[in-house]
Amino acid sequence: MSRHLLVTGGAGFIGSNFVHHVVEHTDDTVTVLDKMTYAGNEASLAGLPEDRVKLVVGDIADAATVDPLVEQADAVVHYAAESHNDNSLEDPSPFLQTNLFGTFTLLEAVRKHGTRYHHISTDEVYGDLELDDPARFTEHTPYNPSSPYSSTKAGSDLLVRAWARSFGVQATISNCSNNYGPRQHVEKFIPRQITNLIDGVKPRLYGAGLNVRDWIHADDHSSAVLTILDSGRIGETYLIGADGEESNKDVVETILRLMGHDAGDYDHVNDRPGHDMRYAIDSTKLREELGWKPSFQDFEAGLAATIDWYRENEAWWRPQKAATEAKYAKVGQ
Numbered sequence: 001m002s003r004h005l006l007v008t009g010g011a012g013f014i015g016s017n018f019v020h021h022v023v024e025h026t027d028d029t030v031t032v033l034d035k036m037t038y039a040g041n042e043a044s045l046a047g048l049p050e051d052r053v054k055l056v057v058g059d060i061a062d063a064a065t066v067d068p069l070v071e072q073a074d075a076v077v078h079y080a081a082e083s084h085n086d087n088s089l090e091d092p093s094p095f096l097q098t099n100l101f102g103t104f105t106l107l108e109a110v111r112k113h114g115t116r117y118h119h120i121s122t123d124e125v126y127g128d129l130e131l132d133d134p135a136r137f138t139e140h141t142p143y144n145p146s147s148p149y150s151s152t153k154a155g156s157d158l159l160v161r162a163w164a165r166s167f168g169v170q171a172t173i174s175n176c177s178n179n180y181g182p183r184q185h186v187e188k189f190i191p192r193q194i195t196n197l198i199d200g201v202k203p204r205l206y207g208a209g210l211n212v213r214d215w216i217h218a219d220d221h222s223s224a225v226l227t228i229l230d231s232g233r234i235g236e237t238y239l240i241g242a243d244g245e246e247s248n249k250d251v252v253e254t255i256l257r258l259m260g261h262d263a264g265d266y267d268h269v270n271d272r273p274g275h276d277m278r279y280a281i282d283s284t285k286l287r288e289e290l291g292w293k294p295s296f297q298d299f300e301a302g303l304a305a306t307i308d309w310y311r312e313n314e315a316w317w318r319p320q321k322a323a324t325e326a327k328y329a330k331v332g333q
């Protein structure tokens, strides 16, 4: 039986990937609610059937926009967020407005209409781990955010937990590791390096590049979210990861090699303030309880496919590139 989903932030990177995944793997219809800031791109929804996907341009913090859309939906999947750490250090205010007040607005609407709600969050709410620490984040790891971005995402998670407990909102939460794949904005680490190389510019590495991230292909994130939406226990949090720990240095060197360059041909730039050292996800609960597993278990193969996508879709990313690089240049990165 098909559902109607409201997907917030569905014109962004992981949100649009989820919309494509829903269309491909279910009979559900989707309304995308997206503010269409610089991170939203209508081209990311191109080619999807108009009878199954509708785009509404609007702000999740605007109750008058949100309420009727939630009323019409069988479930809300909340991707919309301000998500770039560098931007949060420059100006935290949009992060508070979108990530906190926007989530509150959605929660009040799903509370009013009794609508199923799934909340997309990040592993960055847990802070970071030491490079030599054998531990990984679990659903029981205490929150310890280090940036305006991660602290507002942590706050939004806590709002969801409170609304579930106090008001009986039918909510689940997922915290995912770093995503990569098609349709990711060129301000982000992997697409920035790929598009720089396409333009004949050396990749740029923060500091020594020893920081470790736990990479997951966006398609795997989407399949996990759909699994949680279908089968997850109400009130529970699930961590989504694909055992993809790689240092930033190794990622840059792999990109260089896959694109036919010397692995050491990159520049070091100023490190980001408060740059977390290591993220690592333990997704045992999701795998054992709900039977999910990632499809992209070979990071290098997934990265090669991502490189191919950016080579073949310059029209998608080119309009964003010059402004993004100008912004980085101002801070020596």
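Read in order, the letters of the sequence shown correspond to residues 1 to 333 in UniProt numbering.
For glycine and all other residues, C-beta sits at the position ideal for the given N, C-alpha and C.
Please read all numbers here as calculations on a predicted model, not as lab measurements.
Residue i, enclosing alpha helix (DSSP H) - first and last residue
i: residue 376; result: Because residue 376 is not part of the residues shown, which for the chain are 1 to 333, the question remains open.
i: Arg257; result: 248-258
i: Asn196; result: 189-198
i: Tyr149; result: 148-167
i: Val225; result: 218-231
i: Gly135; result: First, the amino acid is wrong: residue 135 is Ala here, not Gly. No alpha helix (DSSP H) holds Ala135; DSSP gives it neither H nor E.
i: Arg111; result: 103-113
Helix, strand or coil at residue i according to DSSP, with G and I counted as helix
i: Ala240; result: A quick correction: the sequence has Ile, not Ala, at residue 240. Strand, per DSSP.
i: Ile120; result: strand
i: Phe18; result: helix
i: Asp267; result: strand
i: Asp214; result: strand
i: Arg287; result: helix
i: Leu96; result: helix
i: Tyr206; result: strand
i: Val186; result: coil
i: Val201; result: coil
i: Glu245; result: strand
i: Glu130; result: coil
i: Gln333; result: coil
i: Ala81; result: coil
i: Asp91; result: coil
i: Lys321; result: helix
i: Ala326; result: helix
i: Thr65; result: helix
i: Trp292; result: coil
i: Ala11; result: coil
Cβ neighbour criterion (16 or more within 10 Å) applied to residue i
i: Glu187; result: buried
i: Leu107; result: buried
i: Tyr38; result: exposed
i: Asp28; result: buried
i: His118; result: buried
i: Leu131; result: exposed
i: His140; result: exposed
i: Val252; result: buried
i: Pro49; result: exposed
i: Pro191; result: buried
i: His20; result: buried
i: Lys330; result: exposed
i: His268; result: exposed
i: Glu300; result: exposed
i: Gln297; result: exposed
i: Lys153; result: buried
i: Ser93; result: exposed
i: Ser174; result: buried
i: Asp59; result: buried
i: Asp308; result: exposed
i: Lys35; result: buried
i: Lys112; result: exposed
i: Phe13; result: buried
i: Val201; result: exposed
i: Gly232; result: buried
i: Asp199; result: exposed
i: Arg257; result: exposed
Run of the beta strand (DSSP E) containing residue i, from where it starts to where it stops
i: Arg278; result: Counting along the chain, Arg278 falls outside any beta strand (DSSP E), and DSSP gives it neither H nor E.
i: Thr172; result: 171-176
Paired residues, beta bridge with residue i - DSSP
i: Leu6; result: Thr31, Val76
i: Tyr180; result: His217
i: Val56; result: Leu33
Neighbour flag for residue i against chain B, beta carbons, 8 Å
i: Ile194; result: Given the protein chain composition of this structure (a single chain), no chain B is represented.
>> What ranges does the beta strand (DSSP E) occupy inside the region 24-54, keeping only unbroken runs of at least 3 residues that lie completely in it?
In response: Under the rule that a run must span 3 or more residues, the beta strand (DSSP E) segments found entirely inside the region 24-54 read 29-34.
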